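J.:
Protein chains in written order, with our numbering: chain A, 8 to 520; chain B, 456 to 826.
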C-alpha cells in the first residue's frame with residue numbers, strides 16, 4: 008500500500024473480502040478496498056465490472072454475502088442507506104432521488120431526522136444557500152427540482168449529503184450526465200471536499216477524468232480488484248489494459264475477402280437526445296455489403312441515438328442516411344423494416360420483444376403484416392404456430408410454452424428468439440447493439456455465429472458494442488465513438504483492446520502516443 | 456429484512472385459477488354480505504333466496520335481468536378494451552349519456568315514415584358516434600398533449616350528465632317533451648326507431664350488445680389490427696420498434712371504447728326507454744361497466760356472463776325492499792365482489808411462497824447496465 012501514514016490513522020472505510028452475487032452471478036468477488044481520509048479515490052472499470060454494486064454495498068443498499076466492512080478501524084454492518092447516512096456515508100446515485108415538485112431546500116430537509124416537526128423555510132433556505140456558496144456550488148434554494156438542469160440537480164444531491172455532514176461521499180458516474188464545464192465545476196468542489204478531510208469515491212470509466220481528479224485508483228474487472236495504484240504513477244495505457252484485461256481471446260475467424268458495395272451510408276448525422284444535446288454529432292459511417300463494422304464506445308456516447316436515428320425511432324436533426332443509394336433520412340420504424348434494416352436493440356425486453364406476449368407472437372412481431380402471418384386483415388394462427396415452431400427449432404430457443412410470456416425465458420433464449428426474428432426477415436442491413444451482453448458462453452457463441460453468417464450472406468452489419476472482446480471477434484473494421492463523434496477508425500487487424508480502450512476514454516491517438 | 460413469505464410474479468397462471476378467482480370473489484362477497492345482513496338483523500338465507508328468485512326465478516325475472524345486463528355488457532366492453540391498452544377511460548358514464556343524447560336527437564328528428572330498419576340503424580349508430588365524440592374530447596388531448604385521461608374522462612362525465620339534464624329540465628330544446636305537463640320529460644323518439652321487444656320487456660338490443668362483445672374478442676384475437684393492439688397494450692416501446700404507430704392505435708382504441716359506451720346509451724333510448732329519460736340514464740351504468748370489465752379480467756367474452764350477474768344483482772335490488780331490506784344491499788355486494796376480484800387478481804399474477812433457504816433473499820436486481 009502506498010500510503011505510509013496508514014499505520015497511524017486507520018482508513019475511513021475498509022472493505023475486506025467482500026463477496027456479493029445476484030441470482031448466482033458474482034458481482035463482487037473477494038474485494039479488498041480501502042479509502043483514506045481526505046482522498047479522492049476512483050473506482051475504474053468497464054460496464055458490469057461491479058463498481059456500482061461495490062458502491063451500493065458501502066452505501067448500505069446491498070448487504071454483502073460475506074466479508075466485512077470497517078469504518079475508522081471499527082467493524083460496522085450497514086443495515087440500510089439510512090443507517091449508512093447516520094454513520095456518515097452518503098451516495099449520489101446515477102438516477103437522482105429527489106422529489107421534483109419540492110424546492111431545493113425542502114429536498115435537503117427530507118429524511119433528515121434533525122429537522123423534526125418544525126420546519127422553518129427561511130432557515131432551511133439560508134443554510135442551503137450558505138452550503139452552496141461554501142463549495143462554489145450555487146443553487147437557488149427556492150427553486151423546484153423540476154426547474155433545474157440535470158447538473159444542478161446533481162448539485163442538490165451532493166448538497167443533500169453535505170447537509171447531513173457525511174464524511175464519505177460516493178459519486179456513481181457523476182460526470183455521465185454533465186457537460187464538460189459542469190464536470191470541471193464538480194471536480195473543483197470534489198477537491199475542496201477532500202481538502203476538508205472528507206473522503207470521496209469517484210466512479211468512472213473515463214481515463215482523463217481519473218487522472219485529473221483522483222489521488223488513487225482501484226481497478227475492477229469482472230467483480231475483482233485487478234489493480235490499485237496512485238494516480239500520479241498511473242499511465243492511462245496501463246489503466247486501460249487493467250480495465251479491459253490482458254488475456255483477450257483473439258478472434259479465430261476467416262477474414263472476409265468479399266466486401267461489396269456500400270449499403271448503409273450515414274453522412275454527417277446529428278441526433279438530438281431528450282435533453283436537447285447532440286448525442287450524435289455530425290457523424291459519418293459507411294457499411295459495405297458483407298462487412299461487419301464495429302463501433303466501440305463507452306455506454307452513453309451516442310450509440311443508442313445513432314442506432315435509433317438510423318431506424319427512425321429517434322428524430323434526425325441533421326445529415327443523411329442512405330440505404331443502397333436511396334435516401335432514407337428521417338424514416339419511420341415501419342419504413343425502415345420494409346426497407347430491409349434488421350435491428351437488434353440493446354434492451355431485449357424493453358424494446359426488442361413484447362414481454363407479455365408469447366414466443367410465437369414475438370417471432371412475428373415485425374412480419375405479421377405480410378403472408379403467411381396474415382391474409383389481408385386476418386391473422387393466420389397456423390402460420391404463427393408453424394413459423395414459430397420452425398424458428399424455435401432452428402435457433403434452439405428453449406423453455407418455450409404456448410401462451411407463456413416471453414419475458415420468462417432466460418436472457419440467452421430471449422436473444423436467440425430476437426435474432427431469429429431479425430435475421431429471417433428480408434434485410435440487407437443488420438444493426439446490433441451489444442448482442443451478447445449478459446449471455447452465457449453457449450448463447451454468446453450462437454449469436455456470434457449468426458452475425459458472422461449474416462456477413463457471409465452479404466449483409467452489411469453495424470455492430471455497436473461496449474464489449475471489446477465481441478467487437479474484436481466479429482468486426483472487419485472498427486470505429487470508436489466518443490461523445491457522439493467517431494474519434495478513431497482502424498481495420499480489425501490493427502485493433503487492440505488497449506488502443507480501443509484509450510480512444511473510448513477520450514484519449515486521442517496523438518495524446519497517447 | 457427477513458420476510459416470512461416471498462411474493463413473486465407468476466408466469467402462466469393455471470386455467471382453473473383464472474376461473475376460481477372470479478367465482479371465489481362472488482362467494483366471498485356473499486359471505487361478507489351475509490355477515491352484514493346478520494348484523495343488521497336480517498335472515499340472510501331469506502334475502503339471498505329472494506334475490507335469486509327475483510333475478511332467475513321466472514322467465515320474466517330472468518328477462519329483467521337481461522334487460523339490466525344489456526347496457527352493462529357494452530360499458531364493460533368499453534372499459535375492457537381501453538384498460539387493456541392502459542388507457543384509463545373511466546368516462547363510460549359520460550360517453551353513454553352523450554350517446555343517448557345524440558341517439559335521441561336523431562330519433563326525434565327522423566320522420567315518422569322512415570323505414571324501421573333504417574331508423575333503428577340510424578339511432579343506434581348515432582349513439583356510437585356520440586359516445587366516440589365524447590371520448591375524443593379526452594382522447595385527442597391525451598394522445599397529442601399527454602393530458603391525464605383519468606381526470607378528463609371523469610370530469611366529462613359530469614358535463615355530459617348536466618348537459619343531458621339541461622336539455623330536458625332546463626330548456627325548451629327539441630329533446631324536451633312539450634306534452635309532458637307535470638314533470639319535464641324527454642320527447643319520445645320516432646316509433647319506427649324503436650328496437651322491437653321479443654319477450655316481456657327484453658328487446659333485440661341484447662343481441663347487439665352480445666354481438667359487440669364477440670366482435671371485440673374476434674378483432675383482438677384474430678385480426679392483424681388486433682395483434683397490433685395487443686403489442687401496444689403490452690409495450691409501447693416494442694410496438695414503436697415493430698413499426699406500429701402507437702398514438703394512432705391509442706386514439707383508435709379510445710374512440711372505440713367511447714363508441715361502445717355510446718352504443719349502450721342508444722340501445723337504452725331506442726329500446727326500453729324510447730326517449731332520453733335523464734333519471735333512467737343516470738344509474739352509474741358506466742361505472743358498473745368498470746366492475747364488469749375487472750371481474751371479467753378484461754376478456755370481452757367473459758364480460759357477457761359477468762354483466763348478466765351484475766344485471767341480476769341490480770334487478771334483485773327492488774325485490775329486497777318488499778321484505779324490508781334496503782335495495783342498496785346489492786351495491787354493497789357489487790362493491791365487495793370487485794374488491795375480492797381485484798385482490799384475487801394479485802394471486803393470479805403473483806405466486807406467494809416461503810423463502811427458498813438456499814437462494815436466500817433475491818431482492819434487488821444487480822444494476823448491470825450501471826456498473
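For each residue, glycine too, the CB sits at the ideal point set by N, CA and C. Keep in mind the model is a prediction, meaning the values are calculated, not measured.
Please give the ranges of any beta strand (DSSP E) in the stretch 205–242 of chain A, keeping only runs that are unbroken, at least 3 residues long and fully inside the region.
T.: Segments of the beta strand (DSSP E) lying fully in the stretch 205–242 of chain A: 206–211, 223–228 and 231–237.
J.: If you measure beta-carbon to beta-carbon, which residues of the stretch 682–703 of chain B are closer than 7 Å to chain A?
T.: Residues passing the 7 Å Cβ filter: 682, 685, 686, 689, 690, 692, 693, 695, 696, 697 and 698.
J.: In terms of residue numbering, what span does the beta strand (DSSP E) encompassing residue 269(A) cover?
T.: It spans 269–279 - the beta strand (DSSP E) in which residue 269(A) sits, taken as one unbroken run.
J.: Helix, strand or coil, according to DSSP, for residue 258(A) in the structure here?
T.: With a pLDDT of 45 at residue 258(A), under the threshold of 50, the modelled position of this residue cannot be trusted, and the question is left open.
J.: Please list, in chain order, all residues of the same chain as residue 772(B) whose beta carbon is under 6 Å from its beta carbon, the five residues on each side excluded.
T.: Correct list, in chain order: 782 and 785.
J.: Taking a cut of 9 Å between CB atoms, which residues from the stretch 327–358 of chain A lie near chain B?
T.: Listed by position, the residues of the stretch 327–358 of chain A near chain B (Cβ gap below 9 Å) are 339, 340, 341, 342, 343, 344, 345, 350, 352, 353, 354, 356, 357 and 358.
J.: Locate the beta strand (DSSP E) running through residue 23(A), then write down its first and last residues.
T.: Run containing residue 23(A): 20–29, per the beta strand (DSSP E) assignment.
J.: Per DSSP, residue 470(A) forms a beta bridge with which residues?
T.: Bridge partners of residue 470(A): 301(A) and 439(A).
J.: Counting Cβ pairs closer than 8 Å, one from the stretch 431–439 of chain A and one from the stretch 378–390 of chain A, do we hit at least three?
T.: No: fewer than three Cβ pairs fall under 8 Å.
J.: Between residue 679(B) and chain A, is there a C-beta pair that is closer than 8 Å?
T.: Taking Cβ atoms only, chain A reaches closer than 8 Å to residue 679(B), which makes this a yes.
J.: What did DSSP end up calling residue 177(A) once you bin it into helix, strand or coil?
T.: Residue state, collapsed to three classes: strand.
J.: Can you find a CB in chain A that lies within less than 8 Å of the CB of residue 472(B)?
T.: It does not: the Cβ of residue 472(B) has no partner Cβ on chain A nearer than 8 Å.
J.: Answer yes if the stretch 87–95 of chain A comes into contact with the stretch 168–176 of chain A, meaning at least three C-beta pairs across the two stretches below 8 Å, and no otherwise.
T.: A contact exists between the stretch 168–176 of chain A and the stretch 87–95 of chain A.
J.: Return the residue from the list 39(A), 156(A) and 230(A) that minimises the CA-CA distance to residue 57(A).
T.: Taking only the C-alpha atoms, the option nearest residue 57(A) is 230(A).
J.: Can you tell me which of the three DSSP states residue 806(B) falls into?
T.: In this structure, residue 806(B) counts as strand in the three-state DSSP scheme.
J.: With a CB to CB cut of under 6 Å and the five nearest residues on each side skipped, what residues in its chain are close to residue 192(A)?
T.: Correct list: empty, nothing qualifies.
J.: Rank 355(A), 87(A), 281(A) and 86(A) by C-alpha distance to the C-alpha of residue 156(A) and give the top, closest one.
T.: The candidate whose alpha carbon is nearest that of residue 156(A) is 281(A).
J.: On the three-state DSSP scale, how would you describe residue 250(A)?
T.: It is helical.
J.: What's the C-alpha gap between residue 199(A) and residue 110(A)?
T.: Those two C-alpha atoms are separated by around 26 Å.
J.: Is DSSP giving residue 131(A) helix, strand or coil here?
T.: Three-state result, residue 131(A): helix.
J.: Apply the 10 Å Cβ neighbour rule to residue 489(A) and answer buried if 16 or more other Cβ atoms are within range, or exposed otherwise.
T.: It is buried - the Cβ of residue 489(A) has at least 16 other Cβ atoms within 10 Å.
J.: Got a sec: is the Cβ-Cβ distance from residue 541(B) to anything in chain A below 8 Å?
T.: Chain A contact via Cβ: absent.
J.: Can you list, in chain order, the stretches of the alpha helix (DSSP H) that have 4 or more residues and sit fully within the stretch 749–776 of chain B?
T.: For the stretch 749–776 of chain B, whole alpha helix (DSSP H) runs of length 4 or above, ordered along the chain, are 755–776.
J.: Starting from residue 692(B), trace the beta strand (DSSP E) in both directions and tell me its first and last residue.
T.: Counting along the chain, residue 692(B) falls outside any beta strand (DSSP E), though it belongs to the alpha helix (DSSP H) covering 691–696.
J.: Nearest to residue 469(A) by CA position, among 103(A), 270(A) and 202(A), is which residue?
T.: The candidate whose alpha carbon is nearest that of residue 469(A) is 270(A).
J.: Could you tell me whether the Cβ of residue 65(A) comes closer than 8 Å to any Cβ of chain B?
T.: Output row for residue 65(A): interface = no.
J.: If you reduce the DSSP assignment to three classes, tell me which class residue 510(A) lands in.
T.: Three-state result, residue 510(A): helix.
J.: What does a CB cutoff of less than 7 Å around residue 28(A) pick up in its chain, not counting 5 residues either side in sequence?
T.: The answer, listed in chain order, is 34 and 72.
J.: Going by beta carbon distance, what residues of the same chain come within less than 6 Å of residue 17(A), once the five residues before and after it are set aside?
T.: Excluding sequence neighbours, residue 17(A) sits near 79 and 80.
J.: Could you tell me how far apart the beta carbons of residue 234(A) and residue 289(A) are, in whole angstroms, since I believe they sit closer than 8 Å?
T.: Not a contact, Cβ separation roughly 36 Å.
J.: Name the two residues that bound the continuous beta strand (DSSP E) containing residue 323(A).
T.: From DSSP, the beta strand (DSSP E) with residue 323(A) extends over 323–330.
J.: Roughly how many angstroms lie between the CA atoms of residue 77(A) and residue 142(A), to the nearest whole one?
T.: If I take the Cα positions, the gap works out to 28 Å.
J.: Excluding the five sequence neighbours on either side, which residues of its own chain have a C-beta within less than 6 Å of the C-beta of residue 257(A), listed in chain order?
T.: Residue placement at residue 257(A) cannot be trusted, given a pLDDT of 42 that sits under 50; what the coordinates show is reported in the next sentence. So the list is empty, once near-sequence residues are dropped.
J.: Would you mind sorting residue 515(A) into buried or exposed? The rule is 16 or more other CB atoms within 10 Å of its CB.
T.: Counting Cβ neighbours within 10 Å, residue 515(A) comes out exposed, since fewer than 16 surround it.
J.: Do you know how far the Cα of residue 113(A) is from the Cα of residue 120(A)?
T.: Their backbone Cα atoms lie some 13 Å apart in a straight line.
J.: Nearest to residue 567(B) by alpha carbon, out of 613(B), 532(B), 649(B) and 533(B)?
T.: Cα-wise, what sits closest to residue 567(B) is 649(B).
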